[in-house]
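Asks:
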Amino acid sequence: MTVGFELGGRSFDSRLIMGTGGFRNLELMAEAVTASGAELATVAMRRVDPAARGSILEVLEGAGCEVLPNTAGCFTARDAVTTARLGREALGTDWVKLEVIGDDRTLLPDPAELLEAAETLVADGFTVLPYTSDDPVLARRLEDAGCAAVMPLGSPIGSGMGINNLYNLRLIVEAAGVPVILDAGIGTASDATLAMEMGCDGVLLASAVSRAEDPAAMAHAMRLAVEAGYEARRAGRIPKRLLARASSPEAGVPELT
Amino acid sequence: MTVGFELGGRSFDSRLIMGTGGFRNLELMAEAVTASGAELATVAMRRVDPAARGSILEVLEGAGCEVLPNTAGCFTARDAVTTARLGREALGTDWVKLEVIGDDRTLLPDPAELLEAAETLVADGFTVLPYTSDDPVLARRLEDAGCAAVMPLGSPIGSGMGINNLYNLRLIVEAAGVPVILDAGIGTASDATLAMEMGCDGVLLASAVSRAEDPAAMAHAMRLAVEAGYEARRAGRIPKRLLARASSPEAGVPELT
Amino acid sequence: MTVGFELGGRSFDSRLIMGTGGFRNLELMAEAVTASGAELATVAMRRVDPAARGSILEVLEGAGCEVLPNTAGCFTARDAVTTARLGREALGTDWVKLEVIGDDRTLLPDPAELLEAAETLVADGFTVLPYTSDDPVLARRLEDAGCAAVMPLGSPIGSGMGINNLYNLRLIVEAAGVPVILDAGIGTASDATLAMEMGCDGVLLASAVSRAEDPAAMAHAMRLAVEAGYEARRAGRIPKRLLARASSPEAGVPELT
Amino acid sequence: MTVGFELGGRSFDSRLIMGTGGFRNLELMAEAVTASGAELATVAMRRVDPAARGSILEVLEGAGCEVLPNTAGCFTARDAVTTARLGREALGTDWVKLEVIGDDRTLLPDPAELLEAAETLVADGFTVLPYTSDDPVLARRLEDAGCAAVMPLGSPIGSGMGINNLYNLRLIVEAAGVPVILDAGIGTASDATLAMEMGCDGVLLASAVSRAEDPAAMAHAMRLAVEAGYEARRAGRIPKRLLARASSPEAGVPELT
Amino acid sequence: MTAVRINGEARDLPAGATLDEAVREAGAPQGGRGVAVAVDGEVVPRGDWSGTPLREGQRVEVLHAVQGG
Amino acid sequence: MTAVRINGEARDLPAGATLDEAVREAGAPQGGRGVAVAVDGEVVPRGDWSGTPLREGQRVEVLHAVQGG
Amino acid sequence: MTAVRINGEARDLPAGATLDEAVREAGAPQGGRGVAVAVDGEVVPRGDWSGTPLREGQRVEVLHAVQGG
Amino acid sequence: MTAVRINGEARDLPAGATLDEAVREAGAPQGGRGVAVAVDGEVVPRGDWSGTPLREGQRVEVLHAVQGG
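The listed protein sequences correspond, in order, to chains A, B, C, D, E, F, G and H.
Okay, so the first sequence: first residue is 214 according to our numbering, each after it adds one.
Okay, so the second sequence: first residue is 214 according to our numbering, each after it adds one.
Okay, so the third sequence: first residue is 214 according to our numbering, each after it adds one.
Okay, so the fourth sequence: first residue is 214 according to our numbering, each after it adds one.
Okay, so the fifth sequence: first residue is 394 according to our numbering, each after it adds one.
Okay, so the sixth sequence: first residue is 394 according to our numbering, each after it adds one.
Okay, so the seventh sequence: first residue is 394 according to our numbering, each after it adds one.
Okay, so the eighth sequence: first residue is 394 according to our numbering, each after it adds one.
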């Protein structure tokens, strides 16, 4: 019953995007990606390793999942732009998950470098999906720069803290004219459900699934969680009330004493 | 993939119990109960209304749902016991959702009266499912009294505030030897997911569905939410970390500048 | 600028009541009690220890602080009542901080036993200050039973978690006709400030001061914190707003570009 | 007992900086500034109003408070730099509270413009105190640019929501080599106490006092609140524990039954 | 005539009337499926209705299940 | 001799011993300021100590105030 | 005459008028304590006011400190 | 011989060697599917590899997709 969404001019049925980092092996990754129902999965660009076995590209193809190269590991706009171009060259896609990191302990994005890289890549014809902080002003600047979506964090990559600032996320969602995809910080299913209830169009996560004890089971839980949050938002939740409202009729109560 | 549970010596596939109060009409109730997948639904005992149209019993039967009479509206142990016995007589079930209210603005339970009623009904052969506060000591006393489950509130009935005290819920779950069912306060899907992740065995809700703009859609969202939370708990979530953990490899990063 | 309050028919200038447990020695206790400005301090009743050096009674007298015997360690109404009477006999006061514990891991109160003990002691002429859970119904029953105050916990004794359920505390404060004193769970100054802002008439704490690295310094911080919260509540705080409200004039802005 | 701090190469006894916006008149402002004990107060630069009565400069002088011009109302680095220079020319101080706003509904700062303005003003010899978001990377960049402090928001100006993201504030405090002053969002005393407990060196607030029902009373509450939080942090709070720790001895408990 | 209260309303039933008549009076469905009855706060099993004469001033509560909880 | 328990410990007191001797035995300060006594769970006021003979097997609790709460 | 804008309002000043006259025109206190001036977005130090002739169409902003922040 | 760095390691390639040899040297799969190359920080399209001679001291990065993000 979940309705798909438009991203970068294309339609997707699944609102869950998988990151592929952190799986103990490609088999577990394949099971989890399949269980998640994701149609898009991120990959990183790294030096060729002659010793490496198995091809992530074939595995993702087998799971019916397209690859989305990221610029993980870049600390400057310049490196991120070059890495995006390498991803395009290697994978034949002009989509990129743009990351420009500003601090290596928290992996939080560098706002000025991120914005500069986004402007350059948009001008170069990329479909830019930027991993950003939860700063509503930066999100707006990224949209103004022509990004196809904004992907604010809930909390730092791999921290599993969930969404630290619901207020900022709300401001981003209310103001956004492009899809908002919560990226980073999801730790468990309820975090994903909440993100969707807040009005996000999708969720991107990796560690919450890849580093769970049972990745495939958590991937399925996340699939359900994203659908639950999406459907709940559309169903129109009840308002919060400070006092109770009886769910049994107050009329017709017998006199028993 | 959700595994059922034992309650009162019987097995249930669905971990979602529906309250039937607050629906605008029986048709909406039927759709929602069906969409929820619930196997158990509460009803209240009220004076016969000759003008009433339609039979809730037939509707629930049609939805494959058993009835669970409650004692809503009772403010003393004595009235609750009598009401439970009337429910048994009318519906031919010795199961009861026991409510003894202590305050009519918040509909919070009266601890001493609730405990007394539970002891009486257990002695009278009832399968007692008590709606209780989130007080871990009271939950323990109710279990010691022979209740088949404990059903702590998340927040007041119909308030939609969710779970106000995760800490107490955690204490209840850790100590309980009977199923713990979160009852009251659920406002939206993520509340139900969180309750299951906290270790509850099930969720009981009414207003969140019956008073939603689209009850059937919310009922389905709740069904998914309960399953998502249950599966996530079993999948073994990642621990929360104060700093980031990279989800892309730190090895093999190129030198681009 | 903090105005005193009436408790048990007497007036107190200080709204901070000190527990005396947990200090490494009587000297540290004396410094801290003095720094706190408290006029009332709890003591426990225990078997005479011939080896014990120093008299807590003299030390508290020296600090200008009256003793308030408690019933710590009692798990039944009967033991609590006897312990209260022993305190009255030993210390010549009919005031008692009533504790009836229901669980030895969390030291949470037993609601039914607590209520029974309160009724007995009130009938016996005691001024009863009950340590209770944050259950608004139980608080109401204790007031109805004739207690001189209600003393809900913020979180378990010595846990330092602060106030776990602001909603319940708010309900208790709104409904109470006797002073509400937050008792147990305070970890740091802001917890005490918040309790007073919520409308509590006073704060009772022990571990937060006695087990701090510098008890006297923390005692002074708590004194300021209680006053700050009390004054802030009386000063009429601004409402919370979802959007900004400029604190600099929007008129008279120059055209500089 | 609160120890002063170094800011911009000078020493201050008070860790509370007052904004002067929002007072109903200069008399209320004078009372509140005096009650707050602040030594520094912000002012805005606006067009001369021939009709205006009273001089804010004389009032602040009378309260023993120095003026700190801000750049409120500027949306670009260029305007903010010019406004800072006008403030220096008018008031003979090279200190500036730097604001570059990115959105007029939330008054959140524009990260890139703010950083550019800070670099320009530092090069021009200013002591720059930037109002910034709670982004730890931006805070670091501002410090690297030579700012004399970083002043992250707790929540939007005038919102009174308090501190929305304690985690980011913690990261900023841990990493900062210059004073951290919480600026914007404070609603009541406990917010200020918490900010200091988190390790902030000071607090800057306006609306919480100027728009309170009784500004002078709230100013005094804030003064106590800042001191309480500062002292509590230095006193070494107890750790949070998930279970209780008895504050009365477990030895020597009598056998009464 | 016997004056009783049925579901809170005063009713006069013919002398010697039994509980099943009160149940009918209350508007319960034929045979009283899904219905339970209390007289003066005590439950009376369906099987005893016809054998239970009503006495002056008794309070009869005739209940059934409704949406709730 | 009378065998009693004082603060949990077995003690033998001379036959005819009264409660004030038990209190002294417990190590309470002279005159018992700040001390209270329970025998078999019942409080005995200070004024009655000297007039209260001890009986075989009684449990005497002698308490005083300590840091707590 | 020289047409300028002072604090956003159109003003005609005598030909050859200098900046200090514009400041006076704006209603600034004598001597301009606590006042700063920008012409076309550039700050002009107080000392230069009397030596700065106004040109047609210039935008003069005359500012002072007010409650804020 | 031409001394270059391939993926961070010093390598000597025969004089006149072109970029495709460096790619092979790096251990990339035949034809270099899923591979991209940068020389001194500039991307070189696959089609140009064989026509790009290597010069002394150049840094060649040969990348492919791995699990990440």
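Backbone N, C-alpha and C fix where the C-beta goes; we use that ideal spot for every residue, glycine too.
Computed from a predicted structure; not experimentally measured.
Nearest to Gly340 (chain B) by CA position, among B:Tyr443, B:Glu219, B:Pro467, is which residue?
Replies: Note that residue 340 (chain B) is Thr in the sequence shown here, rather than Gly. Comparing Cα positions, the closest option is B:Glu219.
Asks: Taking its Cβ as the centre, do 16 or more other Cβ atoms sit within 10 Å of Arg237 (chain D), making it buried, or is it exposed?
Replies: Answer is exposed; the Cβ neighbour count stays below 16.
Asks: Verify whether the separation of the beta carbon atoms of Ser420 (chain B) and Gly375 (chain B) is less than 7 Å.
Replies: No, the pair does not count as a contact, with Cβ atoms beyond the cut-off.
Asks: Would the region 406-417 of chain C and the region 381-395 of chain C be scored as touching if the rule is three or more Cβ pairs under 8 Å?
Replies: The region 406-417 of chain C vs the region 381-395 of chain C: in contact.
Asks: Could one say the Cβ of Asp316 (chain C) lies closer than 7 Å to chain B's Cβ atoms, at least one of them?
Replies: Yes, Asp316 (chain C) counts as interfacial toward chain B.
Asks: Please report the distance separating the alpha-carbon of Asp348 (chain C) from that of Leu379 (chain D).
Replies: Whole-angstrom Cα-Cα distance: 29 Å.
Asks: If you follow the beta strand (DSSP E) that Arg259 (chain C) is part of, which residue opens it and which one closes it?
Replies: Note, Arg259 (chain C): beta strand (DSSP E), 253-260.
Asks: I'd like the span of the alpha helix (DSSP H) that includes Asp357 (chain D), first residue to last.
Replies: Its alpha helix (DSSP H) spans residues 349-357.
Asks: Would you grab the beta carbon distance between Leu311 (chain B) and Leu281 (chain B) for me? Rounded to a whole angstrom, and I think it's under 8 Å.
Replies: With 8 Å as the limit, Leu311 (chain B) and Leu281 (chain B) do not qualify as a contact, their Cβ atoms being about 11 Å apart.
Asks: Name the chain H residues whose beta carbon is nearer than 8 Å to that of Thr470 (chain B)?
Replies: Correct list: Gly434.
Asks: Identify each residue in the region 366-386 of chain C for which the Cβ-Cβ distance to at least one residue of chain G is less than 8 Å, and report them in chain order.
Replies: Listed in sequence order: no entries.
Asks: Which whole runs of the alpha helix (DSSP H) in the region 371-458 of chain D are 4 residues long or more, in chain order?
Replies: For the region 371-458 of chain D, whole alpha helix (DSSP H) runs of length 4 or above, ordered along the chain, are 379-388, 402-410, 420-423, 428-448.
Asks: Buried or exposed: where does Arg354 (chain B) fall if 16 or more other Cβ atoms within 10 Å of its Cβ makes it buried?
Replies: Classification for Arg354 (chain B): buried.
Asks: Leaving out five residues before and five after Arg291 (chain A) in sequence, what residues of the same chain have Cβ atoms less than 7 Å from its Cβ?
Replies: Counting only Cβ-Cβ distances below 7 Å, and skipping sequence neighbours, we find nothing.
Asks: Figure out for me which residue from H:Pro438, H:Ala396, H:Gly425, H:Gly401 has the closest Cα to the Cα of Val454 (chain H).
Replies: Residue identity check: residue 454 (chain H) is Glu in the sequence provided, not Val. Considering only alpha carbons, the answer is H:Gly401.
Asks: Can you pull the chain E neighbours of Phe225 (chain B), defined as C-beta to C-beta under 7 Å?
Replies: Ordered by position in chain E, no residue passes the 7 Å Cβ test against Phe225 (chain B), which lies about 17 Å from the chain.
Asks: Short of 8 Å in beta carbon distance, which residues of its chain neighbour Ser249 (chain A), apart from the five on each side in sequence? Order them along the chain.
Replies: Excluding residues within five positions, the ones whose Cβ falls inside 8 Å are Ser227, Leu229, Met231, Val422, Ala432, His433, Met435, Arg436.
Asks: Using a Cβ-Cβ cutoff of 9 Å, what residues of the region 334-351 of chain B are near chain C? List them in chain order.
Replies: Correct list: Ser346, Asp347, Asp348, Pro349, Val350, Leu351.
Asks: Mind listing the chain B neighbours of Val459 (chain H)? Cutoff is C-beta to C-beta under 9 Å, in chain order.
Replies: What Val459 (chain H) touches in chain B: Ser461, Pro462, Gly465.
Asks: What residues of chain C sit near Leu456 (chain F), judged by a beta carbon separation below 7 Å?
Replies: Here the neighbours are Met258, Arg259, Arg260, Val261, Leu299, Ala303.
Asks: Below 7 Å between beta carbons is the criterion; list the residues of the region 407-433 of chain G that meet it against any residue of chain D, in chain order.
Replies: So the list reads Ala419, Gly420, Ala421, Gly427, Val428, Ala429, Ala431, given in the order they occur along the chain.
Asks: Check distances from the C-beta atoms of the region 227-256 of chain C to those of chain D and list, in chain order, the residues that come in under 8 Å.
Replies: Hits within the stretch, in order: Gly232, Gly234, Gly235.
Asks: Using CA coordinates, which residue listed in D:Arg266, D:Met409, D:Ala303, D:Leu382 is at the minimum distance from Ala429 (chain G)?
Replies: Answer by Cα proximity: D:Ala303.
Asks: In the DSSP output, which residue or residues are listed as bridge partners for Ile230 (chain B)?
Replies: Ile230 (chain B) pairs with B:Leu417.
Asks: List the residues of chain A whose Cβ lies closer than 9 Å to the Cβ of Gly462 (chain E), in chain order.
Replies: Residues of chain A passing the Cβ test: Ser460, Ser461.
Asks: Can you confirm whether Asn270 (chain C), when its beta carbon is compared against all beta carbons of chain F, has any partner nearer than 7 Å?
Replies: In the sequence on display, residue 270 (chain C) carries Leu and not Asn. Judged by the 7 Å Cβ criterion, Leu270 (chain C) is in contact with chain F.
Asks: Is the Cβ of Asp323 (chain C) closer than 7 Å to any Cβ of chain B?
Replies: Yes - at least one Cβ of chain B is within 7 Å of the one on Asp323 (chain C).
Asks: Which residues of chain A have a Cβ atom closer than 8 Å to the Cβ of Arg404 (chain H), listed in chain order?
Replies: Per Cβ cutoff of 8 Å: no residues; Arg404 (chain H) is ~13 Å from chain A at best.
Asks: Quick one: is Thr364 (chain C) buried, meaning 16 or more other Cβ sit within 10 Å of its Cβ, or exposed?
Replies: Before going on, a small fix: residue 364 (chain C) reads as Met here, not Thr. Its Cβ being crowded by 16 or more others within 10 Å, Met364 (chain C) is buried.
Asks: From D:Ala245, D:Arg223, D:Ala257, pick the residue whose C-alpha is nearest to that of Gly465 (chain C); which is it?
Replies: Comparing Cα-Cα distances from Gly465 (chain C) to each of D:Ala245, D:Arg223, D:Ala257, the minimum goes to D:Ala257.
Asks: Measuring CB to CB, does Ser224 (chain A) end up less than 7 Å from Gly217 (chain A)?
Replies: Yes, the pair counts as a contact, with Cβ atoms nearer than the cut-off.
Asks: If you reduce the DSSP assignment to three classes, tell me which class Thr395 (chain G) lands in.
Replies: It is a strand residue.
Asks: Using beta carbons (cut-off 7 Å, strictly below), is Arg424 (chain C) in contact with chain D?
Replies: It does; some Cβ of chain D falls within 7 Å.
Asks: Taking 8 Å as the limit between beta carbons, can you name the residues of its chain near Leu321 (chain A), skipping five residues before and five after?
Replies: Excluding sequence neighbours, Leu321 (chain A) sits near Ile314, Gly315, Ser346, Leu366, Pro369.
Asks: Hey, would you say Ser461 (chain B) sits closer than 7 Å to Ala285 (chain A), going by beta carbons?
Replies: A contact, by the Cβ cut-off of 7 Å.
Asks: Could you name the residues of the same chain whose beta carbon sits closer than 7 Å to that of Gly409 (chain G), not counting the 5 residues immediately before and after it, in chain order?
Replies: Only Pro446 meet the Cβ criterion.
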